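Student:
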Amino acid sequence: MTEKNTLPVDIETMRTSARTVLAPDAQAPSAPELDTLTLLLTGHLALVIPELERVAAGRGDDDDMPRVCARMAISESRRKLGITPGPGLSAQLAYARRLSRSLNALCDHYEDLHADCRQTEALPLPHSTGLLLQPRCGCSCHDHTEAASAQPSVSPHQGLGKSVDARPVAS
Numbered sequence: 001m002t003e004k005n006t007l008p009v010d011i012e013t014m015r016t017s018a019r020t021v022l023a024p025d026a027q028a029p030s031a032p033e034l035d036t037l038t039l040l041l042t043g044h045l046a047l048v049i050p051e052l053e054r055v056a057a058g059r060g061d062d063d064d065m066p067r068v069c070a071r072m073a074i075s076e077s078r079r080k081l082g083i084t085p086g087p088g089l090s091a092q093l094a095y096a097r098r099l100s101r102s103l104n105a106l107c108d109h110y111e112d113l114h115a116d117c118r119q120t121e122a123l124p125l126p127h128s129t130g131l132l133l134q135p136r137c138g139c140s141c142h143d144h145t146e147a148a149s150a151q152p153s154v155s156p157h158q159g160l161g162k163s164v165d166a167r168p169v170a171s
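With the first letter of the sequence shown counted as 1, position 139 gets the number 139 in full-length UniProt numbering; the numbers rise by one all the way through.
What follows is the structure in structure tokens.
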């Protein structure tokens, strides 16, 4: 996958995942549910971090405050991803909450950097069941000239310094 041919970020799904442990009325998940949620949050962060970096880099001016804030949030999110949660359910829940807050902050910065972009277009993405049309903004920070015909190879840990085999597991 090239840097300009990136997958769209589904901010609403990411926020929904983050709310799972951040909502005031959220019930503590079981250990297996918490493991799954932590992996999901890590995957969301793996997708939004490089996209936000790319969008922030397209802003041009190094003194642009939204760009600076986004880059600081990215650094903080990477730092949190590098932490190993302590043993026990409460430590793992605290870790998931930290990831959730970081994810929400990155979603906020992504939306801030796209605040003046309200155009949308359907971007065809390869999908195992055929082409999936995904709405994506049509702002100048995206390059829509490259064909989306090749199957992109995306690891949930891409750009995070982790190497994970992203091939589907046969069941």
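Each residue gets a CB set at the ideal place from its N, CA and C atoms; glycine is no exception. Model, not experiment: these values are computed from the prediction.
Can you tell me whether M14 is buried or exposed? The criterion is at least 16 other CB atoms within 10 Å of its CB, across all chains shown.
Tutor: The residue you call residue 14 lines up with position 14 of the sequence shown. The residue in question, M14, is buried, as its Cβ has 16 or more Cβ neighbours within 10 Å.
Student: Starting from the C-beta of N104, find all residues in its chain whose C-beta is less than 6 Å away, skip the five residues before and the five after it, and write them out in chain order.
Tutor: The residue labelled residue 104 in the question sits at position 104 within the sequence shown. Once the five neighbours on either side are set aside, the close Cβ partners of N104 are A18.
Student: Indicate the three-state DSSP secondary structure (helix, strand or coil) for A115 in the structure shown.
Tutor: Within the sequence shown, the letter at position 115 stands for residue 115. Looking at A115 - three-state DSSP - the assignment turns out to be coil, as it is neither helix nor strand.
Student: For residue 236, which residues in the same chain have their Cβ closer than 8 Å to its Cβ, ignoring the five residues on either side in sequence?
Tutor: Residue 236 is absent from the model: the chain starts at 1 and stops at 171.
Student: Mark G88 as exposed unless 16 or more other C-beta atoms lie within 10 angstroms of its C-beta, in which case mark it buried.
Tutor: Position 88 of the sequence shown, counted from the start, is the residue given in the question as residue 88. Counting Cβ neighbours within 10 Å, G88 comes out exposed, since fewer than 16 surround it.
Student: Rounded to the nearest angstrom, what separates C107 and A46 at their Cα positions?
Tutor: Counting from 1 along the sequence shown, the entry for residue 107 is found at position 107. Counting from 1 along the sequence shown, the entry for residue 46 is found at position 46. Approximately 12 Å, taken between the alpha carbons.
Student: Rounding to the nearest angstrom, what Cα-Cα distance links D63 and P32 in this structure?
Tutor: In the sequence shown, the residue the question calls residue 63 occupies position 63. In the sequence shown, the residue the question calls residue 32 occupies position 32. So the alpha carbons of these two residues sit roughly 44 Å apart.
Student: Taking only three categories from DSSP, how would you classify P8?
Tutor: Taking the first residue of the sequence shown as 1, we reach residue 8 at position 8. Reduced to three states, the DSSP call for P8 is coil.
Student: So what's I74 in DSSP terms, helix, strand or just coil?
Tutor: On the sequence shown, residue 74 is found 74 positions in, with the first residue counted as 1. DSSP places I74 in helix when its eight states are reduced to three.
Student: Buried or exposed: A57, going by 16 or more other Cβ atoms within 10 Å of its Cβ?
Tutor: If you number the sequence shown from 1, residue 57 lands on position 57. With fewer than 16 Cβ atoms within 10 Å of its Cβ, A57 is classed as exposed.
Student: What would DSSP say about A26, mapped onto helix, strand or coil?
Tutor: Counting from one through the sequence shown, the residue named residue 26 turns up at place 26. Coil at A26, not helix or strand.
Student: Assuming C69 contacts H109 (C-beta within less than 8 Å), just tell me the rounded distance between them.
Tutor: Here the question's residue 69 lines up with position 69 in the sequence shown. Here the question's residue 109 lines up with position 109 in the sequence shown. 6 Å between Cβ atoms; contact.
Student: Here's a check: name, in chain order, each residue in its chain whose Cβ is nearer than 7 Å to the Cβ of I11, leaving out the five neighbours to either side.
Tutor: What you label residue 11 is simply residue 11 of the sequence shown in a count that begins at 1. Correct list, in chain order: C107, Y110 and E111.
Student: Need the endpoints of the alpha helix (DSSP H) that D35 sits in, please.
Tutor: Position 35 of the sequence shown, counted from the start, is the residue given in the question as residue 35. Taken as a continuous stretch (DSSP letters only), the alpha helix (DSSP H) holding D35 covers A31 to A57.
Student: Let me know if S90 comes out buried or exposed under the rule of 16 or more other beta-carbons within 10 Å of its beta-carbon.
Tutor: Within the sequence shown, numbered from 1, the residue matching residue 90 stands at position 90. Exposed is the call here.
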